[in-house]
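To keep things clear, I will list the structure first and then write my remarks on it.
Encoded structure:
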């Protein structure tokens, strides 16, 4: 998923600093760790990232979360 995060962020011309601020982080390194795959984002953060970058969550993880999945199903997905 990290390659797609990076690609989508760059396509939107969003810096690490701006992305971190949009996600509510105090430091750009907080987002950098997610994009590098060193930290696993929560589903809530991933939803926010998806909204900012304009792609559904399954774009990044190659999952089909749009069908008949419930919020409980989605919470159980491990990244």
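Numbering (the numbering used here), first residue to last: 1236 to 1314.
Heads up, the beta-carbon is just placed ideally off N, CA and C, and yes, glycines get one too.
Report all residues from its chain with a CB closer than 7 Å to the CB of residue 1283; omit the five preceding and five following residues, and keep chain order. Numbered from 1 along the chain shown, position 48 holds the residue referred to as residue 1283. Within the same chain, and ignoring the five residues on either side of residue 1283 in sequence, the residues whose Cβ sits closer than 7 Å to its Cβ are 1258.
Distance between residue 1248 and residue 1285 (C-alpha atoms, nearest Å): Within the chain shown, the letter at position 50 stands for residue 1285. Within the chain shown, the letter at position 13 stands for residue 1248. When rounded, the distance between both Cα atoms is 15 Å.
Inter-residue Cα distance where the pair is residue 1272 and residue 1237: Here residue 1272 is taken as the residue at index 37 of the chain shown, counted from 1. Here residue 1237 is taken as the residue at index 2 of the chain shown, counted from 1. Roughly 6 Å between the two C-alpha positions.
Range of the contiguous alpha helix (DSSP H) that encloses residue 1273: The count along the chain shown starts at 1 and reaches residue 1273 at position 38. Unbroken run through residue 1273: none, as it is neither H nor E.
Nearest-angstrom Cα distance between residue 1268 and residue 1274? For the purposes of this step, residue 1268 is taken as the residue at position 33 of the chain shown. For the purposes of this step, residue 1274 is taken as the residue at position 39 of the chain shown. Between residue 1268 and residue 1274, the C-alpha separation is close to 5 Å.
What are the boundary residues of the alpha helix (DSSP H) that residue 1256 is part of? Translated into positions along the chain shown, residue 1256 becomes position 21. That run of the alpha helix (DSSP H) goes 1251–1257.
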